[in-house]
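Notes follow once the structure below has been shown.
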Amino acid sequence: MELDPFYPIFDSSAWLERLLPFGIKLVQLRIKDADEETLRAEIRRARDLCSFYQCQLIVNDYWRLAIEEGCDFVHLGQEDLDEADLDAIRKAGLKLGVSSHDETELGRALAVKPDYIALGPIYPTILKKMKWAEQGLERLTTWKARIGEIPLVAIGGMNVNRAPGAFAAGADIVSVVTDITLNSDPEARVRQWLETTRRHA
């Protein structure tokens, strides 16, 4: 499966409604601390928006709801792997992305035969407090040599100016959060991202 090199992450379907029209083709919905009714409504809305704009939706964490709402891709962190029913995910036909931060986690990610592996944080990130130090571009090169044809996602502290370096180091996809959502002009920033990443499609 071919995944777009530009992979933004948003915490609400409102962001998707606002920014998908600009040409985003791969997006993650990552919502924390919401009740099930809200989550289901958000996933359903994101699914419909992505269908309309022909964008691949990846649901973070909530694999049961992703299955029930007819989504086809889920992202799991290492902690999520502890509780997720991988057989149920695969039986439902969902594709799977997995986070990794060190050698042990990379081995675990490879063992579940994911459809992509994310490595981060490449740079310091303000999104959330993490116990891992920044990985740096060299780790991308090492990871890519290890995983071969599996798409490698660079995440953590990424911005438009850093993206070319991540691709040059071995990333197939660059994921971004705050460089868009905290930007004074998110629409213009998305256009910049699309222009930058299309060279690597």
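Okay, so the sequence shown: first residue is 77 according to this note's numbering, each after it adds one.
Beta carbons: idealized from backbone N, C-alpha and C, even for Gly.
Remember, it's a predicted structure, so these values are computed and weren't measured experimentally.
Contact under 8 Å by Cβ, residue i with residue j
i, j, result
"R123", "G146", "yes"
"I249", "Y129", "no"
"A230", "S251", "yes"
"I105", "L133", "Note that residue 105 is Leu in the sequence shown, not Ile. A contact, by the Cβ cut-off of 8 Å."
"W91", "T257", "yes"
"L270", "G153", "no"
"L141", "L125", "no"
"G232", "T201", "yes"
"S176", "A185", "yes"
"S127", "I107", "no"
"V266", "L95", "yes"
"D261", "M234", "no"
Boundaries of the alpha helix (DSSP H) in which residue i is found, first to last residue
i, result
"I165", "L162 to K167"
"G183", "E179 to A187"
"S176", "Not the alpha helix (DSSP H): S176 falls in the beta strand (DSSP E), residues K171 to S176."
"V266", "P262 to T273"
"S88", "Neither: S88 is in no alpha helix (DSSP H) and is coded neither H nor E."
"Q154", "Q154 to E159"
"I143", "W139 to E144"
"I223", "G212 to I223"
Exposure label - residue i; buried when at least 16 CB within 10 Å
i, result
"G169", "exposed"
"P97", "exposed"
"D109", "exposed"
"D237", "Reading off the sequence, residue 237 comes out as Asn, not Asp. With fewer than 16 Cβ atoms within 10 Å of its Cβ, N237 is classed as exposed."
"P190", "buried"
"D80", "buried"
"R62", "No answer is possible for residue 62: it lies beyond the span of the chain, which begins at 77 and ends at 277."
"G212", "exposed"
"E118", "buried"
"G173", "buried"
"D137", "buried"
"A239", "buried"
Anticipated Cβ contact below 8 Å, residue i with residue j, distance rounded
i, j, result
"G196", "W219", "With 8 Å as the limit, G196 and W219 do not qualify as a contact, their Cβ atoms being about 10 Å apart."
"K171", "C131", "That pair is no contact at about 15 Å."
"I193", "L228", "6 Å"
"I198", "E210", "7 Å"
Continuous beta strand (DSSP E) stretch holding residue i: start and end
i, result
"I107", "Neither: I107 is in no beta strand (DSSP E) and is coded neither H nor E."
"I193", "Y192 to L195"
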